[in-house]
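**Student:** So that we are looking at the same thing, I have put the structure below in structure tokens.
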Amino acid sequence: MVFRTSLITGILLFLTTSLYSYDPSARFDKNEKPKELEGVGVKEKLGNQLDLSLSFRDETGKPILLSSFFKKEKPVLLSLVYYKCPTLCNFHLNGITDTLKRLNWQVGNEFEYVTVSFDPKETSDLAQAKKNAYVRDYARGNGDGWHFLTGDQKEITALADSVGFSYKWNPENEQWIHSSVAYVITPSGKISRYLHGITFDERTLKLSLLEASDGKIGDFTDQFALFCFQFDPGKNTYTLYAYNMMKLGGFFTLLILAAFLIPFWIRHNRNSELIRKE
């Protein structure tokens, strides 16, 4: 009886110790990247110059240079997607469009929006259908400023490399594996900002475009907002810039002091002159 009790106690002790000491994640390196995601991602290259001589095809199938979209000192919002994507690309384009609908600037006026398919097998017919759908959803303007492009592998690779965009084909589910990023490009073709994700903050997008244009678009209130906010890469958004706020506070303090002191000095000088004359 004692032996049986000791045996049962020993078994329970062993099972309990094994249960608490077993770590399911121990079989895997917590820092190990899934094999499917190797070689996929975005390496930021802020300030990098795009090759504006690259040639693509517009929605009608007409060859068009990338430089065609960089004109009149307008910044360019750029997306790399593929039009047959069943999930992520649609989420990305939907997120961009929802933000553009809330923006008080209009695509084609203050900036251009260029979408490029990184699948060389996709056709202009697909690009046209995609453009029609999103321009209809946007419901502002006649579609000017919206560009949905296709291209050959050489040009696609060159553009993807210049913005640090890496992707690959997954034969198991016959889909492209890729990240979701919007790129804000200056009128001269340099990368100004990376906006990661599938949802986009309206203020962040607006300030990014304003910053990329070097203040050449927008009104005084937009310029003032850019002065007060600074981009935080960790949060992927603009946050209050304390140093500029302190400078602004100091400026208003000087104005208030001047409003009180200048009249005082004027009265003091007048009284001094009267005393001297007497």
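Each position in the sequence shown, counted from 1, maps to that position plus 27 in the numbering used here.
Just so you know, even glycine gets a beta-carbon here, dropped at the ideal spot from N, CA and C.
Sort out for me which residues DSSP pairs T177 with in a bridge.
**Tutor:** Looking up residue 177 in the sequence shown gives position 150. T177 is bridged to R84.
**Student:** From the DSSP output, which residues share a beta bridge with Y221?
**Tutor:** Position 194 of the sequence shown, counting from 1, holds the residue named residue 221. According to DSSP, which records beta bridges pairwise, Y221 is partnered with Y210.
**Student:** Here's the rule: buried if 16 or more other CB atoms are within 10 angstroms of the residue's CB, otherwise exposed. What is L107?
**Tutor:** Here the question's residue 107 lines up with position 80 in the sequence shown. By the 10 Å Cβ count, L107 comes out buried.
**Student:** Is V190 helix, strand or coil when you go by DSSP?
**Tutor:** Within the sequence shown, residue 190 is the residue found at index 163, counting from 1. Looking at V190 - three-state DSSP - the assignment turns out to be helix.
**Student:** Measure the beta-carbon distance from K21 to F175 and round it to whole angstroms, keeping in mind my assumption that it falls under 8 Å.
**Tutor:** Absent from the model: residue 21. The displayed extent of the chain is 28 to 305, so no value can be given.
**Student:** Just verifying my parser: in three-state terms, what is the DSSP assignment at T226?
**Tutor:** Taking the first residue of the sequence shown as 1, we reach residue 226 at position 199. T226 falls in the coil class under three-state DSSP.
**Student:** Would you tell me roughly how many angstroms separate the C-alpha atoms of D125 and V162, rounded to the nearest one?
**Tutor:** The residue given as residue 125 occupies position 98 in the sequence shown. The residue given as residue 162 occupies position 135 in the sequence shown. When rounded, the distance between both Cα atoms is 12 Å.
**Student:** Tell me whether K98 sits in a helix, a strand or coil according to DSSP, three-state version.
**Tutor:** Locating residue 98 in the sequence shown gives position 71, counting from the first residue. Of the three classes helix, strand and coil, the one that applies to K98 here is coil, per DSSP.
**Student:** From the DSSP output, read off the bridge partner residues of T142.
**Tutor:** Indexing the sequence shown from 1 puts residue 142 at position 115. Bridge partners of T142: S106, F175.
**Student:** Return helix, strand or coil for N200, following the three-state DSSP convention.
**Tutor:** Taking the sequence shown and counting its residues from 1, the one referred to as residue 200 is at position 173. Three-state DSSP puts N200 in coil, outside helix and strand.
**Student:** Tell me whether the stretch 78–97 and the stretch 192–210 touch, counting them as touching only if at least three CB pairs, one residue from each stretch, are closer than 8 Å.
**Tutor:** Short answer: they don't touch.
**Student:** With a cut-off of 8 Å on the beta carbons, I'd call L81 and L186 a contact; round off their distance for me.
**Tutor:** Position 54 of the sequence shown, counting from 1, holds the residue named residue 81. Position 159 of the sequence shown, counting from 1, holds the residue named residue 186. Indeed, because the Cβ distance is near 6 Å, the residues count as touching under 8 Å.
**Student:** Rounded to whole angstroms, what is the Cα-Cα separation between S240 and R129?
**Tutor:** Your numbering for residue 240 matches position 213 in the sequence shown. Your numbering for residue 129 matches position 102 in the sequence shown. The straight-line gap from Cα to Cα measures roughly 20 Å.
**Student:** Does any residue of chain D bring its CB to less than 8 Å from the CB of N121?
**Tutor:** In the structure shown, chain D cannot be found, because there is only a single protein chain.
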